[in-house]
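In the numbering used here, the protein residues as written are 9 to 399. A virtual CB, placed ideally from N, CA and C, is assigned to each residue, including glycine. Note that the coordinates shown come from a computational prediction; the quantities given were computed from them, not determined experimentally.
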Ligand SMILES: Cc1ncc(COP(=O)(O)O)c(C=O)c1O
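Here is the structure:
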């Protein structure tokens, strides 16, 4: 890793208080993220919010550069948005749907995206088509190709679902979308920061992600990558005086580039914190982060699998730092409470988060323990001991 483990932990004060395996919820930020955010809040208090924005214009501008570097994109292809859901919404609600258009999506799709697609189905008369899983539990490329042959306006895919360690084959899906001319929307909320992502290699038209999870940024931050093709295709569902210009008493024109999806008012302190998080992630290196997360997650899955009554529920040929499991006799909330009593943070993935997936697999609510590169083998072993003692 670009930054060694003891330094990573020294940079992360939260590790002194808790054993944090809720990185898929919101990770512990490194000091630099907290300091950068607070410094800007202080500056706003000292000299005024607009004046603080002007004084840090260059730093605010460089957040786009950091994200562009992370994604292999250009700075004018990045929009800063308050979370991943709104970033995704700005693209999908901005798509020129026509009655009868088909949207292909997978069992791993995020709950908010599915709900939005249902609303768009009622609003525009589109059809939402669920693509099967392949034998590994990831999106079936064969079924996807068959449905693309029948015609589809859009493919919406979640790279890593909220409730499984699975990593969907995003680049293979991109190739099929290009072949069939379907607009490709990738939700990279859980993979961003733990999996190397190059938007050109994946070939997505838009990509949404959040700041607070594997990137370790502040809450209330997110972003959208918008390809040149997507800029031509989409119209932002909302405009304001930042995303558009009031050009005469009776006219307006939409701003160039991805920032047409932004709003004028924003949390500048958090945006700067996000920039610090991305720079920190780049300094550690996404590939070494992925490798270390992989080692810790496999250790956890292996040890959990050896416990009586525990079933590891992760799917996929390639996996990430999200580890999910259940116990045959003890309910997931009870396991979570026992871990919490030992200052070990994990979370619950209930059926309401994954209606296309958990009922299909006949699986109840899951315990989700999501590891990050700053976690240690000893922390993993402690979680295993508590789960063993509880079950
Ligand atoms: C796969 C996935 N997509 C989207 C989101 C939504 O992100 P946000 O809460 O930033 O809108 C989440 C959050 O857990 C997620 O897991």
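- With contacts defined by Cβ atoms closer than 8 angstroms, residue 214 and residue 99 form a contacting pair.
- Look at residue 365: its beta carbon is at least 7 angstroms from all of the heavy atoms in ligand 1.
- Burial state of residue 337 is exposed, judged by a 10 Å Cβ sphere holding fewer than 16 other Cβ atoms.
- The DSSP-derived three-state label of residue 147 is strand.
- Nearest neighbour of residue 222 by Cα position, chosen from 103, 85, 45 and 29, turns out to be 29.
- A distance below 8 angstroms separates the beta carbons of residue 391 and residue 352.
- Look at the beta carbons and you see the segment 54-73 not touching the segment 110-118: under three pairs across the two are nearer than 8 angstroms.
- Put simply, the backbone Cα of residue 204 is about 12 angstroms away from that of residue 178.
- Secondary structure of residue 364 (DSSP, three-state): coil.
- Taking 7 angstroms as the cut-off, the C-beta of residue 64 does not count as close to any heavy atom of ligand 1.
- When 280, 315 and 262 are compared, the shortest CA-CA separation from residue 49 is found for 280.
- As summarised for the segment 308-378, the continuous alpha helix (DSSP H) elements at least 4 residues long and confined to that stretch are 340-349 and 366-369, given in chain order.
- A straight-line Cα-Cα distance of about 5 angstroms links residue 263 and residue 252.
- Given a length threshold of 3 residues, each whole run of the beta strand (DSSP E) inside the segment 148-226 is given here in chain order: 162-166, 191-195 and 214-218.
- In its chain, beyond the 5 residues on either side, 230 have a beta carbon closer than 8 angstroms to the beta carbon of residue 94.
- Contact between residue 40 and residue 284 holds: CB atoms are separated by about 5 angstroms, below the 8 angstroms threshold.
- Per DSSP, residue 72 lies in no beta strand (DSSP E) segment; the continuous alpha helix (DSSP H) that holds it begins and ends at 65-79.
- Distances between the C-beta of residue 92 and the heavy atoms of ligand 1 include at least one below 7 angstroms.
- Rounded to whole angstroms, residue 314 and residue 308 show a C-alpha spacing of 10 angstroms.
- Closest in C-alpha terms to residue 186, from the list 360, 173, 238 and 374, comes 238.
- Here residue 9 has 16, 292, 293, 296, 297, 300 and 381 as same chain residues with Cβ atoms under 8 angstroms from its own Cβ, once five neighbours each way along the sequence are excluded.
- Relative to ligand 1, the beta carbon of residue 166 is positioned inside 7 angstroms of a heavy atom.
- Taking a 10 Å sphere around the C-beta of residue 25, we find fewer than 16 other C-beta atoms and assign the residue as exposed.
- Around residue 290, the same chain offers no residue with a beta carbon nearer than 6 angstroms, after the five sequence neighbours per side are excluded.
- Secondary structure of residue 113 (DSSP, three-state): strand.
- The segment 236-316 is shown to contain whole alpha helix (DSSP H) runs of 4 or more residues at 236-241, 276-292 and 294-313, in chain order.
- The Cβ atoms of residue 62 and residue 52 do not sit closer than 8 angstroms to each other.
- CA-to-CA, the gap between residue 131 and residue 117 works out to about 20 angstroms.
- In this structure, ligand 1 has no non-hydrogen atom nearer than 7 angstroms to the beta-carbon of residue 127.
- Shown here, residue 31 sits in coil according to DSSP, grouped into three states, outside any helix or strand.
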